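This report concerns only the one structure given below.
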Amino acid sequence: MNTAAAKGGTPATTALAKAGIAFQRHEYAFAPTADGIGRQAAAALSIAPERLLKTLIVERDDGTLAMALLAVDRQLDLKAAARALATKRLAMAAIPKAERATGYVKGGISPFGQKRRLDAVVDAHATHFAQVLVNGGRRGLQLELAPENLVQALAATIAPIGLPG
Numbered sequence: 064m065n066t067a068a069a070k071g072g073t074p075a076t077t078a079l080a081k082a083g084i085a086f087q088r089h090e091y092a093f094a095p096t097a098d099g100i101g102r103q104a105a106a107a108l109s110i111a112p113e114r115l116l117k118t119l120i121v122e123r124d125d126g127t128l129a130m131a132l133l134a135v136d137r138q139l140d141l142k143a144a145a146r147a148l149a150t151k152r153l154a155m156a157a158i159p160k161a162e163r164a165t166g167y168v169k170g171g172i173s174p175f176g177q178k179r180r181l182d183a184v185v186d187a188h189a190t191h192f193a194q195v196l197v198n199g200g201r202r203g204l205q206l207e208l209a210p211e212n213l214v215q216a217l218a219a220t221i222a223p224i225g226l227p228g
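Pasting the structure below:
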């Protein structure tokens, strides 16, 4: 068992710590029957949903995967995300494929510490806040960090990919 796991860490928290990126852990009681995993997390943590980002795994027309990060109260504009990721078409990746590629389960997919490094695009709306939250690598764990650190750590593109939800 790795020491991060022994201390309640995840590959995501380990990756951020190793990169020297400041973050704050926020834990909450995950409700598997709740509608809207992200909205449930925002409500449980008493934070605005526009500050909590979901990590969506998308598949390019050539079969490669990428990730799109946007607020839980927004919908992904697949055409805008495709442009940002320099591909003709995107579709949501099948859940089993996303889980295999990231090493995380649905509701616990973090943009950090994934099995394979995926290209990333972050919704421009997320950069309007001093701090945002992303999944920490397991259900019931969110990590708060500065959006500029998120973008830098992921070498992400910033683009307007979110539509009001």
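The opening residue of the sequence shown carries number 64 in the working numbering; numbering runs sequentially from there. Note that CB positions come from ideal geometry on N, CA and C, so glycine has one too. All of these numbers come straight from a predicted model, not from anything done at the bench.
Query, Result
"Endpoints, beta strand (DSSP E) assigned at Ala-183", "182-186"
"Alpha-carbon to alpha-carbon, Glu-90 and Ala-107", "9 Å"
"DSSP-derived helix/strand/coil call for Lys-81", "helix"
"Own chain, CB closer than 7 Å to Ser-109, minus 5 neighbours either side, in chain order", "none"
"Euclidean distance between Cα positions of Asn-212 and Thr-190", "10 Å"
"Continuous alpha helix (DSSP H) stretch holding Val-214: start and end", "210-217"
"Proximity below 8 Å, CB of Gly-225 to CB of Gln-103", "no"
"Neighbourhood of Ala-154 by C-beta distance below 6 Å, restricted to the same chain and skipping five residues each side", "Glu-122"
"Buried versus exposed, by CB contacts within 10 Å (16 or more), Ala-131", "buried"
"With 16 other Cβ atoms within 10 Å as the buried cut-off, status of Ala-92", "exposed"
"Boundaries of the alpha helix (DSSP H) in which Ile-120 is found, first to last residue", "Premise fails: Ile-120 lies in the beta strand (DSSP E), 116-123, not in any alpha helix (DSSP H)."
"Thr-76 (DSSP reduced to helix, strand or coil)", "helix"
"Reduced DSSP secondary structure (H/G/I, E/B, other) of Val-195", "strand"
"Nearest-angstrom Cα separation, counted from Val-168 out to Ile-259", "Residue 259 cannot be examined here, being either before or after the span of the chain that is shown, 64 to 228."
"Whole-angstrom distance between Thr-73 and Leu-204, CA atom to CA atom", "10 Å"
"Exposure label - Arg-201; buried when at least 16 CB within 10 Å", "buried"
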